[in-house]
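Undergrad: Numbering (this note's numbering), first residue to last: 842 to 1209. Backbone N, C-alpha and C fix where the C-beta goes; we use that ideal spot for every residue, glycine too.
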Amino acid sequence: MSTDPRYLAAAIRLARRHEGLTGTNPSVACVLVRDEGHGPVVVGSGVTAIGGRPHAEPLAIAEAGERARGATAYVTLEPCAHHGRTPPCAETLIDAGIARVVTAHTDPDARVSGRGHAMLRAAGIDVEAGLLGEEAAEGLSAYLIQKASKRAQVTLKLAVSADGYIGARGEGQVPVTGPVARAQSHLLRAGHHAILVGVATALEDDPMLTCRLPGLEARSPARIVLDPGGRMPLDAKLVGTANRHRTILVTGGSIASDRRAALTAAGCELMPCEIANGRIALPELLEDLAAIGIHALLVEGGAATARAFLEEGLVDRLVLFSGDRAIARPGAEMIASPLDAAMLEGFTPCETLTLGEDTMTRYTKREG
Ligand code: AOF
Ligand code: ZN
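What follows is the structure, given as structure tokens:
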């Protein structure tokens, strides 16, 4: 049986490591495998460096050294063919004496698309393209959506209690899941370019929206608040920490000049956006975010914001944390999950993890 799927799957897993950390570049991985007479062994591997360069292939080749000669390269994306800030990876593979290349997905970048594979074939390298394409596409999805639609990818995170609620009005952050699930939700933050909430959540919860896992604090993404009416209080934690963590307030453009000056002085960026029916026009916002390099957006709430993205069909991926306890209390005004059964039908489950007492299921949008 061919070992190709096994090594390519290993590359797909490796690529996940730098998801959200490679800027506008996709996180790609390359695994080099050679049979030196005792069966295939991995002689080198690489993943696109944090920030986006170097690319995966030269890193894997540097690790393999002379052992790259005659090896098979498993790459999650078609090797690049253009002279950018680094020489074309297809050329690097050819020069290293790679014998065979197996890739999962073609590169939609106009400078590369089809050319990377063609360069390799022209040099006499045996190329197999498109193996495990769907699996690789999931990890590359923010990049693929940005290239195809010029908009940011949307991942909606929801934490729903056993009795179907996401919180209680006027009570700030109500714990819905336990510590293991909460740690996982912080890891989710680290893999995105920005976290978005509506101003109601910012007012009610006064959240920080940072990644607070030990050692990963530096991976906190940018924070975005939808604030069409300019209601963001100056003493909010998000404003108070805007000098340390990028903070973008999406406004309707009608903020009093003294407030504007104070928010800007605190380090907030104001992003005026189109308003439709009193609400931020979300498709336009996603295009504006992609234009400033925010390609992977995590929407964290609250209910109205989540519902707006769901109703407009703008949720590409859904991450649903299901708590094991009921949280409703007599006298409390409970906030129901914005996700009804009909909406959930629009998504395909792809993975469920048990996290302590709770579970997390990842879904992707059902196509067609
Ligand atoms: C690869 N291997 O690891 C990655 C690739 O601005 P540049 O020169 O870095 O080029 C960015 C483009 O490179 C990007 O749009 C995509 O086509 C490709 N990314 N290619 O061979 C890699 N990250
Ligand atoms: Zn490259």
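Spatial neighbours of V1156 within its chain, please: C-beta separation below 7 Å, excluding the five flanking residues on both sides.
TA: Closer than 7 Å at Cβ, skipping near neighbours: V995, L997, F1150, K1206.
Undergrad: Roughly how many angstroms lie between the CA atoms of E1110 and R1053, to the nearest whole one?
TA: Cα-Cα distance, rounded: 23 Å.
Undergrad: If we ignore side chains and look at the alpha-carbon of each, how far apart do E1045 and A1103 end up?
TA: In a straight line, the C-alpha of E1045 is about 21 Å away from that of A1103.
Undergrad: What does the shell around ligand 1 hold, if a residue joins when its beta-carbon is under 6 Å from any heavy atom?
TA: Ordered along the chain, the selected set is N866, P867, V869, T889, G893, R894, H896, A897, E898, L918, P920, C921, G925, R926, T927, C930, D948, D950, V953.
Undergrad: Output yes or no for whether 8 Å exceeds the beta carbon distance between E1141 and I1036.
TA: Result yes, Cβ atoms of E1141 and I1036 sit closer than 8 Å.
Undergrad: Kindly identify the DSSP beta-bridge partner or partners of K810.
TA: In this structure the chain extends from 842 to 1209, so residue 810 is not present and cannot be described.
Undergrad: Check for me: the beta strand (DSSP E) holding E979 runs from which residue to which?
TA: No beta strand (DSSP E) contains E979, which is instead part of the alpha helix (DSSP H) from 974–980.
Undergrad: If you drop the 5 nearest sequence neighbours on each side, which residues of the same chain put their C-beta closer than 7 Å to that of V953?
TA: Excluding positions up to five away in sequence, the list reads E919, C921, A922, H923.
Undergrad: What separation, rounded to the nearest whole angstrom, lies between the Cα atoms of P1124 and R992?
TA: Answer to the nearest angstrom: the Cα atoms are 8 Å apart.
Undergrad: Could you give the distance in angstroms between the alpha-carbon of L1028 and the alpha-carbon of G965?
TA: Cα to Cα, L1028 sits roughly 43 Å from G965.
Undergrad: Which residue wins for smallest C-alpha separation from P1074, given the options T1105, G1056, P1055?
TA: Out of T1105, G1056, P1055, T1105 has the C-alpha closest to the C-alpha of P1074.
Undergrad: For the alpha helix (DSSP H) containing T1088, list its first residue and its last residue.
TA: No alpha helix (DSSP H) holds T1088; the beta strand (DSSP E) holding it covers 1088–1092.
Undergrad: Among G864, M1184, P1069, which has the Cα closest to the Cα of G892?
TA: The candidate whose alpha carbon is nearest that of G892 is G864.
Undergrad: Which of the three DSSP states is assigned to S1026 in this structure?
TA: Helix at S1026.
Undergrad: Out of E1208, E1198, Y1204, which one is the CA nearest neighbour of V1021?
TA: Of the listed residues, the one whose Cα sits closest to V1021 is E1198.
Undergrad: Measuring straight from C-alpha to C-alpha, what distance separates V1015 and G1008?
TA: Distance between the alpha carbons of V1015 and G1008 is about 6 Å.
Undergrad: Where DSSP assigns a beta bridge to T996, which residues make up the other side?
TA: L1139, R1158, per the DSSP bridge assignment.
Undergrad: Does DSSP put C921 in a helix, a strand or coil?
TA: Coil, per DSSP.
Undergrad: Assuming I902 and A951 are in contact, meaning their beta carbons sit under 8 Å apart, how far apart are those beta carbons, in whole angstroms?
TA: Wrong, their Cβ atoms sit about 26 Å apart, outside the cutoff.
Undergrad: For the structure I just gave you, are there three or more beta carbon pairs, one from the segment 865–877 and one from the segment 846–853, closer than 8 Å?
TA: Touching, per the Cβ criterion.
Undergrad: I need the boundaries of the beta strand (DSSP E) containing R875, first residue and last residue.
TA: Run containing R875: 870–876, per the beta strand (DSSP E) assignment.
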